[in-house]
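Mapping of the sequence shown onto the numbering used here: residues 28 to 178, in sequence order. Using N, Cα and C, we set each Cβ at its ideal position, and we do this for glycine too.
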Amino acid sequence: MKNISSAAAPWGIAAFRIVVGFLFLCHGLSTLTGWPVAPWGGNTSSWTDWPGGWAATIELVAGTLIIIGLGTRAAAFIASGSMAVAYFWKHQPDGLLPIQNEGDSVVLFCWSLLLLVFIGPGAAALDNLRRAKTTSSEVADEPVAVGTSSP
Numbered sequence: 028m029k030n031i032s033s034a035a036a037p038w039g040i041a042a043f044r045i046v047v048g049f050l051f052l053c054h055g056l057s058t059l060t061g062w063p064v065a066p067w068g069g070n071t072s073s074w075t076d077w078p079g080g081w082a083a084t085i086e087l088v089a090g091t092l093i094i095i096g097l098g099t100r101a102a103a104f105i106a107s108g109s110m111a112v113a114y115f116w117k118h119q120p121d122g123l124l125p126i127q128n129e130g131d132s133v134v135l136f137c138w139s140l141l142l143l144v145f146i147g148p149g150a151a152a153l154d155n156l157r158r159a160k161t162t163s164s165e166v167a168d169e170p171v172a173v174g175t176s177s178p
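Laid out in structure tokens, this is it:
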């Protein structure tokens with residue numbers, strides 16, 4: 028059983044990364060474009076509006092990068108930080124606990140994204156292709172000793 032879970036773990040992490048990235052992307056799209064649903068109050072933001080437009084831009088860009096697995100750790104770190112700021116800036120003044128201040132989703136995003144910083148992208152990520160390409164080019168660049176004899 029341990030071998031099955033070990034082999035499946037990278038794919039489980041990839042599924043987690045894609046779902047979290049997609050949900051994060053949807054929040055950004057909703058705020059900026061009103062799709063798939065209009066944000067609370069029905070008003071969208073321009074990407075230059077402070078702080079909503081900037082936060083939505085982070086959600087849009089980071090969500091996309093997390094879904095495709097490109098720069099996953101860096102994107103997740105920035106996104107997690109933006110959710111921590113959102114919680115303490117917007118939600119926490121309405122009550123200490125997330126159940127009191129409607130900050131549940133922000134807290135879940137913050138900690139889920141922070142988890143991705145530490146566990147990485149899992150399988151099926153562009154980060155893995157970049158790493159494989161770098162590793163193979165480093166091996167190809169190493170000098171090969173030809174015609175040397177051993178003592």
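- In the structure shown, the three-state DSSP call for S107 is helix.
- For a cut-off of 8 Å, the C-beta gap from F51 to A89 is around 6 Å, short enough to register as a contact.
- The shortest CA-to-CA distance from G69 to any of D76, G79, T75, T58 is the one to T58.
- Within the model, the alpha-carbon separation for F136 versus S107 is close to 7 Å.
- Between I93 and G149, the C-beta spacing is not below 8 Å.
- DSSP places P120 within a helical segment (H, G or I) once states are collapsed to three.
- CA-CA distance, T84 to N128, rounds to 24 Å.
- Taking every protein chain shown into account, the CB of T99 has 16 or more other CB atoms within 10 angstroms, so this residue is buried.
- Of the residues I146, I105, P78, G55, the one whose Cα lies closest to the Cα of F43 is I146.
- Annotation for E86: the continuous alpha helix (DSSP H) segment containing it runs 79-95.
- Of the other Cβ atoms in all chains shown, 16 or more fall within 10 Å of the Cβ of I40; this residue is therefore buried.
- When secondary structure is reduced to three states using DSSP, N30 falls in the helix class.
- Note on geometry: alpha-carbon atoms of H54 and P37 lie some 26 Å from one another.
- About 19 Å separates the beta carbon of L97 from that of L141, a gap too long to meet the 8 Å contact definition.
- By alpha-carbon distance to T91, the top candidate from V46, G130, D131 is V46.
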